Each structure stands twice: as C-alpha cells, then as structure tokens.
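Number 400 in my numbering belongs to position 341 of the sequence shown; there are no gaps in the numbering. We put the CB at the ideal spot given by N, CA and C, even for glycine. Keep in mind the model is a prediction, meaning the values are calculated, not measured. This report concerns only the one structure given below.
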Amino acid sequence: MIALPEPKAAVVARREAILADLARLVGPDALVSEPHCLRAYETDGLAVYRQPPLAVVLPSTTEEVAALLRYCKAEGIRVVPRGAGTSLSGGALPLADAVVIGLMRMNRILAIDYADRVASVQAGVTNLGITGAVSTQGFFYAPDPSSQLACMIGGNIAMNSGGAHCLKYGVTANNVLGLTIVTIEGEIIRLGGTHLDAAGYDWLGILTGSEGQLAIVTEVTVRILRSAEGSRAMLAAFRSNEVAGACVAAIIGSGIIPVALEFMDRPAIHACEAFAHAGYPLDAEAMLIIEVEGSPAEQEDLMSRLGEIVGRFDPLGLKIATTAEESAAIWKGRKGAFGAIGRISPDYLCMDGVIPTSQLSSVLHRIGEMSRSFGLAVANIFHAGDGNLHPLILFDANDPESMAKAEKFGAEILKLCVAVGGCLTGEHGVGVEKRELMGVQFSAADLEQQRRVKSVFDPDWLLNPSKVFPLGATPPVIHAA
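The following block contains the structure:
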C-alpha cells in the first residue's frame, strides 16, 4: 500500500481558524469544508487511494491563487493543486493537513489569435474545450488524452499529457508557448508568450511535467493547428501480440509517421466490442488502429504503403475505412476502452511506461508471462507508435491480496520498461504511484539534483508534498549566495 506522510498536528488543530482565513481570502462560496463535501476531493483517477483534505478552495483569478499561496506559505500549510482530478498516478491525492486549490472555476478562454495560431486560456479550461473554441475556424489543439472531455489544461501541463495523436503532433510540452504561474510565495510570473521560442532558460520545459511541485499554473498559451483536409483509419488484426508489436516497429522504422498508431490485445478487443459493438475481430489476438490524414491523394498513398507493410506480417484481417463514418466506427471501441474494461473487472491499474518500439514484441511477451505468474489478467491498450504502454492490470481492490499482487505486478512492468531502455512514465506522471520506483531509473545523484530544483522553487516543500520523490526524502538545504 502507498503510504502518506503524517499530518502536521498543529495545522489540523487550527482547522477552524484556517477555514475562517480562507473564507476571508476567497469568499465563503469558494470554500468547501463540510466532511460530506470533501469526499468529492478525497481521490483522483487512481481511486484505490483516498484521503479527505483539510479544506478545498476554488479561486476564480490568478490574484486569488496568489493570495492563497502567500497565506499557506506564511502558515506552513501544505497545498495540493487540482484540476479535474483525472490523474491516474495519484497526482492530486490530498493530505489530511493540506488545502486543495481547485482550478475548475478558472475556465475562461482569454484570447484566440488565428493569425499567429495561438490561444490563451485559464488553467481550468478542458482539453477538448480548447479545440471546441477554435474548431469553427478550422483549427484544433493537438494533444488528446483519453480523458480530454474532462481533463483540464492545467493538469495537462502538470503531467505533460499525451494522447493517441501525439505520435505526429507531440505531447503537451511540444504545444505550449506560455505560462502564468504563481510561486509558493504568491509571486505571479509570466513565462514565454505567443512567440515560438522564449528567451533565456527553458522555464517552460522545467514547469511542464513538474506535477505541481514547483508552482501553480493559472493561465496557458498554446499553439493551435489547422485541421487536416481529412483522415482515414485502418484496422489490422494479428495472430499474436508479438507479431503486432513487430508490425509497429516496421511501420515506425519505415519512416512513415501516422497520426495515430494504437494497439489492443485480445482481452481489450473483446471488452471493447461487447461495450461499443464496433465490429472488432474477435478471433484476433491483437489489433492495430492506424490513422493517416491529409488530402485524398495523400491518404490514398499512405494507406497503400501501410497496407504493404502490414501485409508482410500475415494479418488475419485488414479493414481500410473509405468514409468518415467507417473511420469513426473503427475508433468507437478504442475511445470507450477504459469504460469497457470497467465492465469486466471491479478494478484495474492503468500503468504508463515507455519503451523503444523495437522492444514491443519482447516486452509484450514478458508481460504475458508476468500475468500468468501473478495470476492476474491484463488488457493491453496503448499508444504503440511512440512506445507508450498502458497495460491494464485487472484486480479486486476489496481483496488485499489481489491489490498487493496488482501493485507488485505494475512495479515489475515499469522496471522492465526501464531495463529495455525506456522510462517509468510517458504521460501520467509519477504522482504517488511511481515515486518509490524513481530509484530504478535515476541514480542518487540524479534524484538529489531534482530535489534541489524543487527546493529552489519551494524551500519548505509545501507544494504537492508526498508526490514524485520517495517518501522520507528530505529537502536539500539551498544556501544563498
């Protein structure tokens, strides 16, 4: 089980006074403090772990966030930033002595500049909300995590979120141009802007993917892209996971970069077909969804070349969409995959490791062996094109033995990812889920340098504590020059 640090008794004892101060800063209607209301914030997408916070505040402006952080810094109160709570790594898991700063009320589109192809929004705007705001003019925002209907851009920044179409367009870090952040001291800082390259140090690179450890993001400027003329999807079915993995490596090795290249294994195929009735091949052990885009001529050329590559691997079936409706049908099951898996298992852990695509076949074979060894089923649904694995380990959270096996199984998968030249996380972040595995990927010196960066931004380690770094790691002492 994942442990949390002991709450600060002095902070808990002052709860009523703290609540009064918070209400004064943001107004009583922006304060959540009743126990039954706090339950809505006690967990995130990693729902097997729960802890009600001390309080939740819902600011509406950057200035209110600054006032809250100044207060928490002065009073020594821990702070957990929260967007929509869709984190699958426990990134928004509260502490009993922490104030959750929820950004869901900061949901305004601030500016759209089609000439420069940028949009500025508050951190509480949903991922899909950005595309919705610009789609009428033929634009879109590229990163598309599976939770895009609900997840917020501030959380996407925190975890450097990806998605199916990031194979071609990149993850969040590749699509962010500017940030407004608030430090733990309550200082408001604007980084980057509407231009392509910010001057000086790469502060955007440091902040994007920092999991709320360094500052709270309140406003974001992103690049928006012209929508393609059209797109088409292909469905290819195979006799084994290993053959499908080899096909992925061959596609990437050919130099063709599809818009998306998704993998599903037999358990995922059956679950998704029962849920969505998308016409998936139930006799297949694995299948790929491959999408290309461009003009009709470009689509035809790419589909022809991809069909030739897929044909080398003796597919059980090959379906190439000829209309937008047929493409949507191919995607239908994949889009509802996580809900579909929820129908066949009381609980599942969604892992998030990255491997070189050349290692797909061997890693999938080893995951199958682990599944049999641990006695737990696993469904593989993931972004195969960039090697971002999402094995779903099926277990029962009400059975302590089943849960313990699932956690150990997940840790072994992540260790395997590192061993073959990959890394612990692709788009879900470290959170509490992977923090004790950080030593698998990073040396003691590596981790010390990362903690020193944390301490420069947050000397008292009040921002999103107990995440990313192994529990018990002490803040390094940073000496002023």
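| query | result |
| --- | --- |
| Runs of 4 residues minimum, wholly inside the segment 91-149: which ones carry the alpha helix (DSSP H) assignment? | 94-97 and 121-134 |
| Check each candidate in N300, Q358, V279 and L423 and name the one with the smallest Cα separation from Y200. | V279 |
| List the endpoints of the continuous alpha helix (DSSP H) containing C210. | Element bounds for C210: n/a, residue is neither H nor E. |
| So if DSSP puts V281 in a beta bridge, which residue, or which two residues, is it bridged to? | A178 and V235 |
| Opposite I379 in the DSSP bridges: which residues? | M293 |
| Alpha carbons only, please: which of A303, Q110 and A383 is nearest the one belonging to E344? | A303 |
| For G490, count the other beta carbons within 10 Å of its own beta carbon; 16 or more makes it buried, fewer makes it exposed. Which is it? | buried |
| R431 to K467, Cα distance in whole Å? | 14 Å |
| Quick one: what's L453 bridged to in DSSP? | Y407 |
| Using only CA atoms, which one of I212, A99 and T231 lies nearest to L162? | I212 |
| Give the DSSP-derived three-state secondary structure of A223 in the structure shown. | coil |
| Pick helix, strand or coil for V71, following the three-state DSSP scheme. | helix |
| Hey, A388 and G338: beta-carbon distance below 8 Å or not? | yes |
| Hey, is the segment 494-501 in contact with the segment 434-447, meaning 3+ C-beta pairs nearer than 8 Å? | no |
| Grab the span of the beta strand (DSSP E) containing H36 for me, first residue to last. | Here the chain covers residues 60 to 540 and nothing more, so residue 36 does not appear. |
| Take the Cβ of A540 as the centre, count every other Cβ of all protein chains shown within 10 Å, and call the residue buried at 16 or more, exposed below. | Reliability fails at A540, whose pLDDT of 48 lies under 50, so the model's placement of it is uncertain and the value that follows must be treated cautiously. That one is exposed. |
| Using the Cα positions of C210 and S286, report the straight-line distance between them to the nearest angstrom. | 22 Å |
| Which residue comes first and which comes last in the alpha helix (DSSP H) that contains L169? | No alpha helix (DSSP H) contains L169, which is instead part of the beta strand (DSSP E) from I168 to D172. |
| Spatial neighbours of E332 within its chain, please: C-beta separation below 8 Å, excluding the five flanking residues on both sides. | G338, Y339, L341 and G392 |
| Under 7 Å from any heavy atom of the ligand GDP, does the C-beta of G488 make it? | The ligand GDP is not among the ligands present in this structure, which contains no ligands whatsoever. |
| Looking at C-alpha atoms only, which residue of N234, G444, D411 and E123 is the closest neighbour of I452? | D411 |
| Can the beta-carbon of G245 be found less than 8 Å from the beta-carbon of L128? | yes |
| Verify whether the separation of the beta carbon atoms of I216 and A330 is less than 8 Å. | no |
| Label V138 either buried or exposed according to how many other C-beta atoms from any shown protein chain fall within 10 Å of its C-beta, with 16 as the threshold for buried. | buried |
| Cutting at 6 Å between CB atoms, please list the residues of its own chain near P64, excluding the five before and the five after it. | S525 |
| Name the one or two DSSP bridge partners that L522 has. | V138 |
| Take K474 and list the residues in its own chain whose beta-carbon comes closer than 8 Å to its own, dropping the five residues that flank it on each side. | L496 and V499 |
| Around the Cβ of E367, are there at least 16 other Cβ atoms within 10 angstroms (buried) or fewer (exposed)? | exposed |
| Using a 10 Å radius around the Cβ and a threshold of 16 neighbouring Cβ atoms, would you call S206 buried or exposed? | buried |
| Could you tell me the distance, in whole angstroms, from the CA atom of E122 to the CA atom of R98? | 27 Å |
| Classify I248: buried if its beta carbon has 16 or more other beta carbons within 10 angstroms, exposed otherwise. | exposed |
| Helix, strand or coil for D324? Go by DSSP, reduced to three states. | strand |
| Buried or exposed: H95, going by 16 or more other Cβ atoms within 10 Å of its Cβ? | exposed |
| Going by beta carbon distance, what residues of the same chain come within less than 6 Å of G251, once the five residues before and after it are set aside? | L236, G237, A257 and L263 |
| Quick one: Cα of G149 to Cα of I379, how far? | 39 Å |
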